[in-house]
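Below is one structure, written out as structure tokens, with a few remarks after it.
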Amino acid sequence: MTNKRILTIGILAHVDAGKTSITESLLHHSGATKSLGSVDKGSAITDDLAMEKSRGISIKSSSVNFTWENIEFQLVDTPGHVDFSAEVDRSLSILDGVVLVVSAKEGVQAHTLNLWESLVERKLPVIIVFNKIDRDGVNIEKVFIDFQKDLGAKLFALNYPDISIPDNPLVLPFTNCRNHIDETIIDKSLENLAECDESFFAQYLEGNTSDLEQILENGKQKIKTGALYGSLFASAKLGLGIEELLNSISTLIPQIKNYYSSTSVKVFKITFDEKKGRLAYVKSYGGILKSKDRIRSQQLDKEIKINQIYKQHLGNLVQVSELNPGEIGVVTTSDIILSGDVLGTETIEDQYSKISEAVLGIQVVAKEEKDYQKLGEALEILNIEDPVLDFKWYKEEKEFHLKILGPIQTEVLQENLTLRWGIEAEFLKPKVIYKETPSKSAEGYVRYWMPKPCWAIMTFLIEPAPLGSGVSFTSKVRTSDISTKYINEVKRAIPWSLKQGIHGYEVTDISITLIEGSEHTVHSNPGDFLLATPMGILRGLENAGTDLLEPMYAFDIKANQEFLGPISSDLSQMGAQINPPVFENDFFTLGGKVSVAAAMDYSIKFNATTSGKGRLKLTLDGYQKTTTTE
13 MTNKRILTIG
23 ILAHVDAGKT
33 SITESLLHHS
43 GATKSLGSVD
53 KGSAITDDLA
63 MEKSRGISIK
73 SSSVNFTWEN
83 IEFQLVDTPG
93 HVDFSAEVDR
103 SLSILDGVVL
113 VVSAKEGVQA
123 HTLNLWESLV
133 ERKLPVIIVF
143 NKIDRDGVNI
153 EKVFIDFQKD
163 LGAKLFALNY
173 PDISIPDNPL
183 VLPFTNCRNH
193 IDETIIDKSL
203 ENLAECDESF
213 FAQYLEGNTS
223 DLEQILENGK
233 QKIKTGALYG
243 SLFASAKLGL
253 GIEELLNSIS
263 TLIPQIKNYY
273 SSTSVKVFKI
283 TFDEKKGRLA
293 YVKSYGGILK
303 SKDRIRSQQL
313 DKEIKINQIY
323 KQHLGNLVQV
333 SELNPGEIGV
343 VTTSDIILSG
353 DVLGTETIED
363 QYSKISEAVL
373 GIQVVAKEEK
383 DYQKLGEALE
393 ILNIEDPVLD
403 FKWYKEEKEF
413 HLKILGPIQT
423 EVLQENLTLR
433 WGIEAEFLKP
443 KVIYKETPSK
453 SAEGYVRYWM
463 PKPCWAIMTF
473 LIEPAPLGSG
483 VSFTSKVRTS
493 DISTKYINEV
503 KRAIPWSLKQ
513 GIHGYEVTDI
523 SITLIEGSEH
533 TVHSNPGDFL
543 LATPMGILRG
553 LENAGTDLLE
563 PMYAFDIKAN
573 QEFLGPISSD
583 LSQMGAQINP
593 PVFENDFFTL
603 GGKVSVAAAM
613 DYSIKFNATT
623 SGKGRLKLTL
633 DGYQKTTTTE
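To convert, count from 1 in the sequence shown and add 12; that's the working numbering.
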């Protein structure tokens, strides 16, 4: 077992903040690469897909290793576009800490807010990097203050950007900032430290801020406890702030808590390789996993055999004999394991909110009839790689349906099908994915007793429940009529009984009560109740009828006041519920709710209206009843 300290660090950002450039700079500065990779030139190690090179954006998460100060870093570069949020979600589940990159030019953007909410929920240590300080028109004080205000975070600047000579920007270590002690960034950092450090508070009130070495140490201690967030100014393009970032993640992000004593592995990603087949990306949380080991898959509920183990090295897979605690690796096995599986007996949960949820459905059609079967098989593989697609193959209708997050994802899927399988496919216009809820109370009766031996007789009471309440189930049947072991099978069947209502959508906001029923002492078995439950519930839904629920977005807009009129007009035309605007200096912020159907293409119009200088954040915010008919 290695004694080297191992940290898994994620690089997160809104698209075009310079995230991949930061990653490449870290690799180069640490000595892991001889030359600096470039996104623009298509030479970035972490963007190895042809689509990533041609588009200049990250589409999938990728991991690279480097060593700094005797720490092995596993750096996970994640996509910055909101359409690939599922990739980020999967990566977040295995991180020890995060570097959040913000463009010093554009400042806090919509996806920055999405990412921040997930980081706070997971309580992950975060270092903020304000990148691109070399860009024309950068307002370093504004981006620093806006970040704190918009995200509710107290920052402590670990360095200071001197851009007084635009053609020769510099970053100064905190301890060299005596001449900038009254500047907004340093002053606000000291104020934030005083608010959470009693020992420094009195010094701060007295103006005793000369000992910058001690102040920095105090600041670092508060960053380690989570009372403050460390921030750095950088230019990946010029190599500024990169060494400070390496030192900061080495000293300020704590080692993972104790590992399990038994072998425990989490599967966080699945891909397919032309030569190696299905590859499972895993992180070890305890013990030593060796090739040829047999280990229990919790999803499959059986033992599986690990065939080969690989580790990534600068974009290539290198075969190894074992995986130690904390290490990320890639394993192959003959069994069909999926993302989210846990190998071993320990419980490794990840019950956190998703950054973005799919509320759009799309039909995929092969342009050539001969590619129908091939397209279905390709989409099945893509669904394994990204389960959020929730691929459905309706064989009687010969239709393929996916769930998507946005139009860029559709373009990438289309290109993926062409490059990997040579399939030309058409993606029809996206449709909103509704949900269903009972219109009224009704009963659903099922008698499953032929052919014998089988017996399950039940009556369900189906009732509408309050919006947002989800699904509830209770049983009022005596255990002398239906025993507990069969009631448990009914409970187990409830989730998939509600996958499709009478309009074909998932059913929610429903109360289900088992009011009558019986078992047979000879003929009944658990499978009877498992099969009968969906039939009884569907009959209840048919008798009750269902109303459609449409998904709603909560919107958060920030833009210059000159755009308030046209933006308000657009929102009114979409039937949005608009809160009163809040004004500050030349800007306004505006919140409210709007239906997904109405706002599906609004981001394009919003960017055109504001010339790309406004911020629009759309977050799924529950469902409301609608009179819309399909």
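Here a beta-carbon is modelled for each residue, glycine too, at the ideal position from N, C-alpha and C.
Cα-Cα separation between residue i and residue j, rounded to whole angstroms
| i | j | result |
| --- | --- | --- |
| aspartate 353 | glutamate 596 | 48 Å |
| arginine 17 | histidine 41 | 19 Å |
| histidine 413 | leucine 228 | 55 Å |
| glycine 388 | glutamate 438 | 13 Å |
| isoleucine 177 | proline 266 | 37 Å |
| lysine 234 | leucine 240 | 6 Å |
| phenylalanine 541 | isoleucine 469 | 8 Å |
| glutamine 512 | tyrosine 297 | 37 Å |
| threonine 124 | serine 365 | 16 Å |
| threonine 79 | isoleucine 175 | 31 Å |
| isoleucine 318 | aspartate 582 | 56 Å |
| glutamate 361 | alanine 248 | 35 Å |
| serine 73 | serine 451 | 43 Å |
| glycine 577 | valine 342 | 53 Å |
| proline 538 | threonine 491 | 15 Å |
| glutamine 426 | leucine 39 | 32 Å |
| threonine 525 | valine 489 | 9 Å |
| lysine 637 | tyrosine 517 | 14 Å |
Chain D contact for residue i (CB, 8 Å cutoff)
| i | result |
| --- | --- |
| isoleucine 396 | Looking for chain D here will not work: only one protein chain is present. |
Three-state class that DSSP yields for residue i in the structure shown
| i | result |
| --- | --- |
| histidine 93 | coil |
| lysine 46 | coil |
| valine 27 | coil |
| serine 617 | Note on identity: in this sequence residue 617 is lysine, with serine being the wrong assignment. Helix. |
| alanine 571 | strand |
| leucine 628 | strand |
| isoleucine 34 | helix |
| asparagine 500 | helix |
| aspartate 633 | strand |
| glycine 22 | strand |
| valine 100 | helix |
| isoleucine 644 | The structure shown has nothing for residue 644, since the chain only spans 13 to 642. |
| aspartate 423 | In the sequence as displayed, the identity of residue 423 is glutamate instead of aspartate. In the structure shown, glutamate 423 sits in a helix (DSSP, three-state: H, G or I). |
| tryptophan 508 | helix |
| glycine 388 | helix |
| alanine 292 | strand |
| threonine 622 | helix |
| aspartate 174 | strand |
| glycine 577 | helix |
| lysine 404 | strand |
Residues of its chain near residue i, where Cβ-Cβ distance is below 8 Å and the 5 sequence neighbours each way are ignored
| i | result |
| --- | --- |
| methionine 13 | Its pLDDT being 46, under 50, methionine 13 is placed unreliably in this model, and the coordinates cannot settle the point. |
| isoleucine 157 | Thr196 and Lys200 |
| isoleucine 514 | Glu448, Leu550, Leu553, Glu554, Gly557 and Thr558 |
| histidine 192 | Tyr172, Asp174, Leu184 and Ile198 |
| isoleucine 2 | For residue 2 there is no data in the structure shown, the boundaries of the chain being 13 and 642. |
| tryptophan 461 | Trp467, Ala468, Ile469, His532 and His535 |
| phenylalanine 403 | Leu391, Glu392, Leu394, Asn395, Phe412, His413 and Leu414 |
| glycine 289 | Thr344 |
Cutoff 6 Å; reference residue i; Cβ partners in own chain excluding five residues on either side
| i | result |
| --- | --- |
| aspartate 95 | Leu417, Gly418, Ile420 and Gln421 |
| glutamate 334 | Ile300 and Lys302 |
| threonine 545 | Val502, Ala505 and Ser509 |
| serine 105 | Phe280 and Asp362 |
| isoleucine 393 | Phe284 |
| alanine 44 | Phe78 |
| isoleucine 527 | Thr471, Leu473 and Lys488 |
Cβ neighbours of residue i in the same chain (closer than 7 Å, five flanking residues each side left out)
| i | result |
| --- | --- |
| asparagine 204 | Lys166, Leu167, Phe168 and Leu240 |
| serine 309 | Ile316, Asp347, Ile349, Asp353 and Leu355 |
| lysine 617 | Asp582 |
(message) Quick check: the region 247-263 against the region 271-282, are at least 3 beta-carbon pairs closer than 8 Å?
(response) no
(request) For the region 474-494 and the region 546-556, state whether three or more C-beta atom pairs, one from each stretch, are separated by less than 8 Å. (result) yes
(request) Just list the beta strand (DSSP E) runs in the region 510-567, keeping only unbroken ones of 3 residues or longer that don't cross its boundaries, in chain order. (result) 522-530
(message) With three or more beta-carbon pairs closer than 8 Å as the criterion, would you say the region 138-155 touches the region 242-254?
(response) yes
(request) Determine contact between the region 83-103 and the region 23-31, defined as no fewer than three beta-carbon pairs at a distance below 8 Å. (result) yes
(message) Is it the case that the region 205-225 contacts the region 281-298, given that we only count it when at least three CB pairs across the two stretches are under 8 Å?
(response) The region 281-298 and the region 205-225 do not touch, with fewer than 3 CB-CB distances between them shorter than 8 Å.
(request) Would you check if there are 3 or more beta carbon pairs closer than 8 Å linking the region 454-468 to the region 561-569? (result) As far as the Cβ criterion goes, the region 454-468 does not touch the region 561-569, which means the pair count is below three.
(message) When you compare the region 591-611 with the region 566-579, are there three or more beta-carbon pairs, one atom per stretch, that lie closer than 8 Å?
(response) Contact holds: three or more Cβ-Cβ distances are below 8 Å.
(request) Enumerate, from N- to C-terminal direction, the unbroken beta strand (DSSP E) stretches of 3 or more residues contained entirely within the region 198-265. (result) With a minimum length of 3 residues, the unbroken runs of beta strand (DSSP E) contained wholly in the region 198-265 fall at 241-245.
(request) Run through the region 116-146 for me and flag every whole alpha helix (DSSP H) of 4 or more residues, listed as ranges in chain order. (result) 122-134
(request) For the region 429-444 and the region 355-373, state whether three or more C-beta atom pairs, one from each stretch, are separated by less than 8 Å. (result) yes
(request) May I ask you to verify whether the region 604-621 touches the region 530-539, counting CB pairs closer than 8 Å and requiring at least 3? (result) no
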